[in-house]
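Notes follow the structure.
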Amino acid sequence: MPFAYPVFLELSGKRAVVIGAQAVAEGKAAALAAAGAEVTVLENGAWSPADLEGAFVCVAHSSDPTERDAIALAARDRGVLVNVMDDVSNCDFAAPAVVRRGELVLAISTGGRSPALARKLREDLDTRFGAEWAEVVEVLREVRQETLSYL
């Protein structure tokens with residue numbers, strides 16, 4: 203079972219490298235930057251293994267199987283977590299479909315098997331969990347803190 207252990211990563215201040223065509227790279231770069239990562243974006247064919255030095259994570263997209271393999275190898279050789287989109291064998295992690303409501307984060311993954319299903323489920327959850335859930339989580343955080351102060 204691929205990607206059997208779901209985890210949320212702390213990316214604040216960590217270097218992320220995004221490799222791919224501009225349209226794909228921009229979306230991934232924006233998501234990584236929103237998570238606090240320091241993002242470097244490189245075009246397909248315009249990167250070198252040295253570009254991955256010091257990175258924590260790399261997200262890449264390429265239609266060239268040789269380039270996909272090279273990106274994954276270069277990243278893994280440097281201890282960099284890598285996700286080569288649409289190429290499960292070259293992924294150390296899956297990037298889930300996400301619904302965010304403040305500190306409430308709902309993540310959906312099909313292990314790369316059906317991104318369309320993950321997207322559909324995200325749309326359903328997006329409708330079901332409105333903006334008010336951010337406030338619910340904040341109220342529950344305050345209640346929890348107060349309760350713990352009595353223990």
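Residues 203 to 353, numbered by the numbering used here, are exactly what the sequence shown covers, in order. Here a beta-carbon is modelled for each residue, glycine too, at the ideal position from N, C-alpha and C.
query	result
Presumed contact (8 angstroms Cβ cut-off) between A262 and A218, rounded CB distance	With 8 angstroms as the limit, A262 and A218 do not qualify as a contact, their Cβ atoms being about 11 angstroms apart.
Per DSSP, cross-strand counterpart(s) of T242	V219
Option nearest Q224 by Cα separation, candidates F210, Y352, G332, V243	V243
Backbone CA spacing between L323 and F331 [nearest angstrom]	12 angstroms
Residue environment, V341, which counts as buried when at least 16 other CB atoms sit within 10 Å	exposed
Contact test: S250 Cβ vs the ligand SAH heavy atom, cutoff 8 angstroms	Summarising the ligand content, the structure contains no ligands, and the ligand SAH is consequently not present.
Exposure label - R270; buried when at least 16 CB within 10 Å	buried
Cα-Cα separation, E348 to V339	14 angstroms
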